[in-house]
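To convert, note that position 387 of the sequence shown is 982 in this note's numbering; the numbers rise steadily by one, no gaps. Please read the structure below before turning to the comments.
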Amino acid sequence: MSRSRVCVVGSGGREHALCLALARTADVVATPGNAGMAALLGGGAITTTAAPPEEVEADLYVIGPEVPLVAGLADRLRALGRRVVGPGADGARLEGSKAFMKEVLVAAGVPTARYRVCERFAEAQAFLRGLRGPWVVKADGLASGKGVLVAATLEEAEQDAASKLSGALGDAGRQVVVEEGLAGPECSLLVLCDGATVVPMVPAQDSKRIFDGDRGPNTGGMGAYAPLAQLDDAAVDDLVERMVRPVVHELRRRGIEYRGVLYAGLMLTDEGPRVLEFNVRFGDPEAQVVLPLLGEDPFEVLAAVAQGSLGSAVPSGRLQPTRAGAVCVVMAAEGYPEAPRSGDPIEGLGPDGQLADPVPGVTVVHAGTARPYGSGPFLVAGGRVLGVTAVASSVAEARQRAYAAVDRITWRGAQWRRDIASAPAEAVT
Ligand code: AMP
Ligand code: GLY
């Protein structure tokens, strides 16, 4: 039987991880893809094209980033009769508007931080003044990870609300969501949803701040690991029942059939779990650790999401248990997240974009790299440059391998966190 063909839409680390997972059993074409994918890992099963997704013939389309989802790419592909992993513009509003997301959460009875949606500064100020800190200000719309401020002082929060409402983030900040600050470990719970059936993937943790010890500004994510020792299967099922399934029902009640990955960003507080946000796609870098731990054939599972047959593809409602651990350490450019420096050659990679001196179980996922002449060294070409990902028989071992691999890669000004997955056994009450 000939292999199926999958089109992966996007060009980041998440999409490279998707290509690698899908290439286990399918031929993959990425649009537009990136230099790491084009380096032909896996004997040529991955190719890239500049053609738009509508013009790529494939049996399945997996849309990586939120921007095309919010803009309705899944709807356009479905209108052409294609099978797609990713919600239409209606479902993607969950990520495209934090005000909409909060409204759905409240209607579904899912616990989340107390909040108010404001268009005017005076309203935001009055609400913020009634809260005990920390204070959180979020742009309503998409802001590439720059839309959320967790402020230690009321003054800082008020300034940020004023700046967002006066257009600092353009249309994304026309409305802001102001809310109470919560505390506790975070968990990224990604589920597959075919419109009706919900199947959780292994829970992951993303380290969002730029510096060790969770200091400094938020980034797109500086590293991730999975699974989380403190969440066993029963705890994951409980979170799905309380935090995710009611949202899928609420969407259905509104006539929205959600086929794709639904990502609940949770905070495990002393008062119980709370939803911080929903994303409508795989996380980046969560995809890098969740996908390699998938026991099933990724193509079969994602095709079932697209076709509405997840219930028969995963009859137990549970993906095959895997005891392995995965750790991804993101290597970022100097100056990231504010002003990343690009153009420096990366040392330590071979012509296939992988470690020249391999470490067992380690894959280098490319995000912001370029290879201007299609050969020669890879150059830094983005904020998050590489995701060095290790899979091993435990999180601790994966961590050790990932950092051993990071030590074999260098470029001028490279920065990465030293503490990814360093406290994997943290207890949660
Ligand atoms: P979001 O894009 O809404 O997930 O926010 C990005 C990050 O900001 C989250 O991963 C948290 O680290 C932090 N954050 C968001 N909302 C809150 C909150 N209510 N309290 C504390 N931290 C928050
Ligand atoms: N790693 C966070 C995100 O993908 O939104």
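Cβ atoms here follow ideal geometry from the backbone N, Cα and C, with glycine treated the same way.
- For G816, the distance from the CB to the nearest heavy atom of ligand 2 is below 7 Å.
- Ranked by Cα distance from E781, the first of L726, M862, T984 is M862.
- The beta-carbon separation of A962 and G982, rounded to 6 Å, stays under the 8 Å limit for a contact.
- Residue side-chain check: E774 places its Cβ nearer than 7 Å to a non-hydrogen atom of ligand 1.
- Residue burial annotation: L785 is buried, with at least 16 other C-beta atoms found within 10 angstroms of its C-beta.
- Look at L857 here: in three-state DSSP terms it is strand.
- Residue pairing by DSSP leaves C614 without any beta bridge partner.
- Only exposed fits E750, as fewer than 16 other CB atoms lie within 10 angstroms of its CB.
- Counting C-beta atoms within 10 angstroms of its own C-beta, D789 has 16 or more neighbours from the protein chains shown and is therefore classed as buried.
- When rounded, the separation of the alpha-carbon atoms in G878 and V856 is 9 Å.
- Taking 8 Å as the cut-off, the Cβ atoms of L914 and E895 do not count as close.
- Between A746 and V771, the gap from beta carbon to beta carbon reaches 8 Å or more.
- Collapsing the DSSP output to three states places F873 in a strand.
- V990 and D828 have their C-alpha atoms spaced approximately 17 Å apart.
- For K741, no alpha helix (DSSP H) encloses it, and the DSSP letter there is neither H nor E.
- Uninterrupted beta strand (DSSP E) stretches at least 3 residues long and entirely within the region 623-666 occur at 641-643, 655-658, given in chain order.
- Straight across, the Cα-Cα distance linking D755 with L744 is about 8 Å.
- Residue pairing by DSSP places E775 opposite W730 in a beta bridge.
- Within its own chain, the residues whose Cβ lies closer than 7 Å to the Cβ of M926, once the five positions on either side in sequence are excluded, are V980, L981, V983, V1001, I1004, A1009, W1011, listed in chain order.
- Judged by DSSP in its simplified three-state form, F716 adopts helix.
- In the displayed model, S988 falls within coil according to three-state DSSP, outside both helix and strand.
- Taking C-beta atoms as the reference points, L777 and V900 fail to come closer than 8 Å.
- L672: not part of any beta strand (DSSP E); member of the alpha helix (DSSP H) spanning 668-674, first to last residue.
- Looking at the DSSP output, T1005 shares a beta bridge with E942.
- Within 7 Å of the C-beta of G860 there is at least one heavy atom belonging to ligand 1.
- Counting other Cβ atoms within 10 Å of its Cβ, L823 reaches 16 or more and is therefore classed as buried.
- For K741, the CB stays at least 7 Å from every heavy atom of ligand 1.
- Under a 10 Å Cβ-count criterion, R848 is classified as exposed, with fewer than 16 other Cβ atoms of the shown protein chains found around its own Cβ.
- Here G977 really is in contact with A928; their C-beta atoms are around 7 Å apart, less than 8 Å.
- In the three-state scheme derived from DSSP, where H, G and I count as helix and E and B as strand, V831 is classed as helix.
- Of Q995, L846, V797, the smallest CA-CA separation from D685 is found for L846.
- Look at N629: its beta carbon is at least 7 Å from all of the heavy atoms in ligand 2.
- At a Cβ-Cβ threshold of 8 Å, L737 and V680 do not count as neighbours.
- For Q949, the secondary structure class from DSSP, reduced to helix, strand or coil, is coil.
- The Cβ atoms of L888 and A821 lie closer than 8 Å to each other.
- Taking the Cα of P935 as reference, the smallest distance to any Cα among R869, S988, A666, R1007 is reached at R1007.
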